[in-house]
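Chains as they are written, first to last, in this note's numbering: chain A, 1 to 400; chain B, 401 to 800; chain C, 801 to 1200; chain D, 1201 to 1600.
4 protein chains.
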Amino acid sequence: MSRFSLPQDPVFQQLNTSLGYDRRLWPHDIAQSRAHATMLAAQQIISEDERDEILRGLDEVAAELEGGAFDFEGGDEDIHMAVERRLTEIVGRAGGKLHTARSRNDQVVTDLAMFVRTEADATARLATDLATTLIDVAEAHLDWPLPGYTHLQRAQPVYLSHHLLAYVWMLLRDRARLRFTADQASLLPLGAGALAGVNFDTDRRLVARELGFDGVVPNSIDAVSNRDFAFDLLHALSVCATHLSRLGSELVIWSSEEFGFVTMSDAWSSGSSIMPQKRNPDVFELLRGRTASAHGCLVEALGIFAKLPSGYQRDLQLLKAPLFRGIDLALASTGILVPAIDAMGFRVQHIELDPAIHAAERANELVVREGIPFREAYRRVGAALAADRAAKPETGQDPS
Amino acid sequence: MSRFSLPQDPVFQQLNTSLGYDRRLWPHDIAQSRAHATMLAAQQIISEDERDEILRGLDEVAAELEGGAFDFEGGDEDIHMAVERRLTEIVGRAGGKLHTARSRNDQVVTDLAMFVRTEADATARLATDLATTLIDVAEAHLDWPLPGYTHLQRAQPVYLSHHLLAYVWMLLRDRARLRFTADQASLLPLGAGALAGVNFDTDRRLVARELGFDGVVPNSIDAVSNRDFAFDLLHALSVCATHLSRLGSELVIWSSEEFGFVTMSDAWSSGSSIMPQKRNPDVFELLRGRTASAHGCLVEALGIFAKLPSGYQRDLQLLKAPLFRGIDLALASTGILVPAIDAMGFRVQHIELDPAIHAAERANELVVREGIPFREAYRRVGAALAADRAAKPETGQDPS
Amino acid sequence: MSRFSLPQDPVFQQLNTSLGYDRRLWPHDIAQSRAHATMLAAQQIISEDERDEILRGLDEVAAELEGGAFDFEGGDEDIHMAVERRLTEIVGRAGGKLHTARSRNDQVVTDLAMFVRTEADATARLATDLATTLIDVAEAHLDWPLPGYTHLQRAQPVYLSHHLLAYVWMLLRDRARLRFTADQASLLPLGAGALAGVNFDTDRRLVARELGFDGVVPNSIDAVSNRDFAFDLLHALSVCATHLSRLGSELVIWSSEEFGFVTMSDAWSSGSSIMPQKRNPDVFELLRGRTASAHGCLVEALGIFAKLPSGYQRDLQLLKAPLFRGIDLALASTGILVPAIDAMGFRVQHIELDPAIHAAERANELVVREGIPFREAYRRVGAALAADRAAKPETGQDPS
Amino acid sequence: MSRFSLPQDPVFQQLNTSLGYDRRLWPHDIAQSRAHATMLAAQQIISEDERDEILRGLDEVAAELEGGAFDFEGGDEDIHMAVERRLTEIVGRAGGKLHTARSRNDQVVTDLAMFVRTEADATARLATDLATTLIDVAEAHLDWPLPGYTHLQRAQPVYLSHHLLAYVWMLLRDRARLRFTADQASLLPLGAGALAGVNFDTDRRLVARELGFDGVVPNSIDAVSNRDFAFDLLHALSVCATHLSRLGSELVIWSSEEFGFVTMSDAWSSGSSIMPQKRNPDVFELLRGRTASAHGCLVEALGIFAKLPSGYQRDLQLLKAPLFRGIDLALASTGILVPAIDAMGFRVQHIELDPAIHAAERANELVVREGIPFREAYRRVGAALAADRAAKPETGQDPS
């Protein structure tokens, strides 16, 4: 920025850089630049030779990034500037033309939209894999009886398979939420410039087609500061993490000696540094705890945008941290569950059904048999149970 | 609960009741009970006479609730129990039969699904109204120039109308999110019983049709503890509140004497108790602040469900508080904006365009005219601006 | 506000009012006004007669508010305006003088500081009561053995009393946090005016002494927009709620038939509308769930203040909602636990100690007896346990 | 863990490791181990030779870690295991004795308590530095007039110095909060073992003295699962971040051309990739946005602990991520502000005082001069201002 009379302070540069975070966006950035250069040539804004040089240079930059040979410099504010800087080193003057009819503002949000679409799809696939695994486990235990719980009290008998399938339906809703997210990232922001569009006769639809977008964002001011699709992704991941935390929490309880419904293979347990008998359900504990991390990402992302005037502000850069953290956690959690569930065994003889669990059914039978209202049948069965309990007082306990 | 040897402690009852919150669900509860009674009779689980008595009784209960004549009692744990208690007082023994083949667990979630669908639709309509109002204001100021801002620094010239329409596009996305939410509440949970289905030959599809659901929830355990649609609503409201907070924040800045872009009519401002000259943009400040309340509702709701084993738990009752708070805030904020924006005036002579705002355009012209890369044109225009600034030093300021 | 040419729109008034929330502040508002009037007379800013009239009028207003006879009006923006309006109706012109040398900005924050101090003290007392109750229960079960758990796996034997006392230490830390909070509200904001102090020769220290403050806030701009003490209160309540949620979660697990460590008396349980055998640990479930509500209050409060320029903004009014909600939840949760814990019985014969629980102790014995490193002793004991398990294979389970 | 019949699955190990996070704890871990070894020898649990070997080995490990020569291995679950593994490689059998009378559970929490104390002190020092800088700037602009704002409307005249000092008082409260935090981490957890203490005749007070703790945690179960000090730190950082976001938000507004109160030196601004005239207040925008990140850390940390039964659970490991993220953000934000504020210049001629700003003062003068109630003086001044405004109608604006 030669017009500035003083070079940027290194402490400021350090603060301002987002390279630590956004490096991972490079495949989207390269793809976008390829499509942009192609369009600029098609519209005769750059020459075909310039385009070819740019495309060749981008290939080289991509190879360096992929191979780990790319050399980042202190002045690289973000991945976008780093790629362009390196491109210009490689191809010279033509590299400088790549930024024609494009601003970092529309460039960044285009990369993010591509990222969110890609990652929403990837997570949806993992959710499907996990659902499939749970269906397999359900099929393998189709008619195993299980006490169904409400309030963690035995309530009514169900099948283990039925219980496991409840999680499958949650995952299918998670998938629907992820697909909605991908839809929300399906319009191309590029062409919005910094906020007011660009002064060139570009063809945004060509770029959209090249990059797999369904159309273009209509309003340029909205385009550069819209990150709703990121909120939608983090919401979908938060709800999914909530579902998985319920599964995790349940399996921790089922792993206790008292319940004893499941056992983890050694390959999937940790021990204790001082208690040699321990076999801890770490995977399920971490699954349980990570729901808080997912919620944290969502509330951070929304908070970053709260109260900002419209248009691009530097605060928007901060969104990348919770966005990337959120998706990494989700991919890790969903991914680990497939083998972890396979590594789990159910123990049928530990799953016992107390006769009281049939009380609701007995009340219903009374309704049908004697034609009395349900409320009355309920009272009768309840009274019989209380009499039973009174007849067998426990010893060795607090008086109640 | 006659089987219990001790009556419930009043302190416990006080804790346990959710009447303060869920009273507003009564219209859905009555509608649901009407449909349920109709189905029970169609399936010959109750007689047609019993059904008629129940329907008549429900009409009476509804009239009492609507008219404010309904007498709540200390033992009424929630609106569902209160309605049933009163129904039984009115129609006697038949009232007790209404609960056949239904549990409070599936009853509650059915009411909530109906509530969420209804309120998502209502909010979507308000979002449309607000978008329409903004479009009208944009049309009335179609070619008013406005400095477009990034980083709250004047960036490039735009039209006031274009700027306002950015918010319209946000609202249209909010509407899409609300419609997704309504879809997520389109399957009937009723019939899931407490968790394990019901032991009667019911017809869930009949009930679904009566109540406008598209189908029935397939898994009974999932049915009673699924509240994803409530999360989806609170997420949609959080994103919408974030959008409105951006508008609010911007209008607070535009209301300052320094910007002076807008002025509020007296009818929509508050003054100060000691400064007679004040005219405060309260509506926009509250709009700005309420985004935190919306985010709080979402994070509370997700936190309530985090780590709960599957199936119904009493904690689920707590969801109603953030759900109702969230929707009330959203309806109030969206609703108030239509008249508030009408009460606002724009002041064209305060909206000035500094020549520097055309710098990007001038750089683009150089690119086209002289065929140089954009980066070079940018450097030239930047240098000219710096020279300009240096030629007119300001006095009376800190040395920089 | 007669200078305004248009009366406030009723829809705006509705939005702008905070009466629904802040009505409960009246005792602090009256006390503050009494002290302020006393000071104004002592400084000869009003006459002694005027002061007496004001004090008499305030007594009357207080009596009306206490007795429920106070008549709120549509134009009452908040409790402060309502009190002053009514005072002026009662005592006439002297009432108007009460607002001399005071602004609503410093008046509101003074009420809030008094409220926070009072409620922090009240909660600290309840925490002490609860700690005392737990100590009593611990004493009554001093030498009852309990498997100590980590990862919800039996780890090492402890005493039930020792386990319960862990919660006592948490509560003592909660109390320290509440005391810090009260300290943070110990300086009087009154005298800051709207933001720039007041143009009268007041005596802030006199008012501080009257109201039990330790001193006065030094900076007027900070005074009117500081609500840190409210954040501190909500933080203290959030940590306390987290502690109680851990207790709640544990007691829900201990109430399960599988663990069977505790039983709730009928007076403190709820049943099911269709399962007559159920006895649900509702109190503990609600305790568990309410942690999310507490965290929601904190994040909402912080979010309301985030990014606001310094000085008073209307958004600050919104803080009252999460502040009041937070304290109400905390008082209810802490209060209910004293009788709920009394209503709970422990069942010693359900608390069994598996021999494996002594593994760590056995490893330590090997260290002492044979002088080998702990890691080696650990390996030996672990191997013996594995051999044991292999010798008694379970049937009827998944192969692992 | 030789007792396990299967080695841990590498995918599981990957999930379970926390090395990526907790590596930075090594200086505390080494210090703790030195103190622990010293105590073990003093109590004759290990020999003096063994202690010397351990201390020498720890020096070597520390040198490797400091110099970057330490070789982490795939099986290193966390920094604690990595240090012990390497120690044993270096000193052999004696290394295995270091874990005598210690569990990872009490070891981890001891490191964390040391970390929190250290970082709370470091942040408090930075807060002091920043306060000092602001005091210097205030002194340099002692009598510069500034319009004081409420609702971002000019309210009453203040001094720029007075305005800046408001932030100093916020920082002093932040410092008090950080000191409270350090106090909360002042008792040594070591000696609690996994949860039930240790079976050796240790001297916890000796270790406490060596490591600068004021005493020892009394309850072993509480000791291993208490992380309240981490919540307290994250709360202190959240409130501080909220304060800094207010400063950031204000300086962004003051940097706008419309306000023009401050100007940033080139060394501390960024430009735009397409608009050569831009000079963006990035530092202040990032400061503003980071408040959401701080709040996110707090809510994540609390959420991780919510609902966990007492005692150690694997979820606790997840706390490190928000804890470390929170402190890194705070140190960066507080640290950057000292030079950033130095790099900022105030522009007096842009700070103008409209005559209306004296309205409150004029009303007060009327009260004193004419002895009328303030409310009446207020009405008169307000009416005069309205008459003024009516006499000078603006053109070119919307009718209001």
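Positions of the beta carbon are idealized from the N, C-alpha and C atoms, including for glycine.
Outcome for residue i when other beta-carbon atoms lying within 10 angstroms are tallied against a minimum of 16
i, result
"Q814(C)", "exposed"
"S1202(D)", "Unreliable positioning characterises S1202(D) in this predicted model, as indicated by a pLDDT of 40, which lies under 50. The coordinate reading is nonetheless provided below. That one is exposed."
"V116(A)", "buried"
"G1257(D)", "buried"
"G303(A)", "buried"
"D1515(D)", "buried"
CB contact below 7 Å: residue i versus chain A
i, result
"Q408(B)", "no"
"E489(B)", "no"
"N1426(D)", "no"
"I1551(D)", "no"
Alpha carbon of residue i to alpha carbon of residue j, nearest angstrom
i, j, result
"L1312(D)", "D728(B)", "43 Å"
"R885(C)", "R904(C)", "13 Å"
"Y1112(C)", "V1138(C)", "41 Å"
"L130(A)", "F629(B)", "22 Å"
"F1270(D)", "L1444(D)", "38 Å"
"D936(C)", "L965(C)", "10 Å"
"F1212(D)", "S333(A)", "11 Å"
"L946(C)", "L1518(D)", "28 Å"
"S1456(D)", "H1558(D)", "25 Å"
"L1388(D)", "D1259(D)", "23 Å"
"L346(B)", "A435(B)", "Outside the modelled stretch of chain B, which goes from 401 to 800, sits residue 346(B), for which no answer is possible."
"I1230(D)", "E1319(D)", "17 Å"
"D401(A)", "I336(A)", "Outside the shown range of chain A (1 to 400) lies residue 401(A), about which nothing can therefore be said."
"A938(C)", "I1421(D)", "14 Å"
"L802(B)", "A124(A)", "Given a span of 401 to 800 for chain B in the structure shown, any question on residue 802(B) remains unanswerable."
Min CB distance residue i to chain C below 7 Å
i, result
"H151(A)", "yes"
"V338(A)", "no"
"R1203(D)", "No answer about R1203(D) holds up, because its pLDDT of 47 lies below 50 and its placement is not dependable."
Cutoff 7 Å: residue i Cβ touching any chain D Cβ
i, result
"Q657(B)", "In the sequence as displayed, the identity of residue 657(B) is Glu instead of Gln. Yes, E657(B) counts as interfacial toward chain D."
Short CB-CB distance (under 7 Å) between residue i and chain B
i, result
"P1476(D)", "yes"
Given a limit of 7 Å on CB to CB distance, which residues of the segment 755-783 of chain B reach chain D?
For the segment 755-783 of chain B, which is checked against every Cβ of chain D, the residues closer than 7 Å are A756, A759, A760, A763, Y778, V781, G782.
Is there contact between the segment 661-669 of chain B and the segment 259-270 of chain A, where contact requires at least three CB pairs shorter than 8 Å?
Here the segment 661-669 of chain B does not lie against the segment 259-270 of chain A, with fewer than 3 beta-carbon pairs under 8 Å apart.
State whether the segment 1369-1378 of chain D contacts the segment 1479-1489 of chain D, with contact taken as three or more CB pairs (one from each stretch) at a distance under 8 Å.
In short, these stretches do not touch, since the Cβ pair count stays below three.
Would you call the segment 816-835 of chain C in contact with the segment 878-898 of chain C, where contact means no fewer than 3 C-beta pairs closer than 8 Å?
Short answer: they touch.
Specify whether the segment 771-785 of chain B and the segment 839-858 of chain C touch according to this definition: at least 3 beta carbon pairs, one from each stretch, less than 8 Å apart.
Pairwise C-beta distances place the segment 771-785 of chain B out of contact with the segment 839-858 of chain C, as fewer than three of them are shorter than 8 Å.
What residues in the segment 66-99 of chain A have a beta carbon less than 7 Å from any beta carbon of chain D?
Here the close residues are H99.
Which residues, taken in chain order from the segment 712-736 of chain B, show a beta carbon closer than 7 Å to some beta carbon of chain A?
Against chain A - using a Cβ distance shorter than 7 Å - the residues of the segment 712-736 of chain B are Y712, Q713, R714.
Counting only Cβ-Cβ distances shorter than 8 Å, please list the residues of the segment 515-532 of chain B near chain C, keeping chain order.
Contact residues of the segment 515-532 of chain B toward chain C are absent (C-beta to C-beta distance below 8 Å).
Between the segment 1289-1299 of chain D and the segment 1489-1501 of chain D, do at least 3 Cβ pairs fall closer than 8 Å?
The answer is no - the segment 1489-1501 of chain D does not touch the segment 1289-1299 of chain D, with fewer than three Cβ pairs under 8 Å.
Under 9 Å (Cβ pairs) to chain B, residues found in the segment 170-185 of chain A
Within the segment 170-185 of chain A, the qualifying residues are M170, R173, D174, A176, R177, F180, D183, Q184.
By the 9 Å beta-carbon criterion, what residues does the segment 136-161 of chain A contribute toward chain C?
Cβ contacts with chain C come from A140, H141, P147, Y149, T150, H151, L152, Q153, R154, A155, Q156.
What residues from the segment 1020-1054 of chain C come within 7 Å of chain A, judged by C-beta to C-beta, listed N to C?
Residues passing the 7 Å Cβ filter: V1052, I1053.
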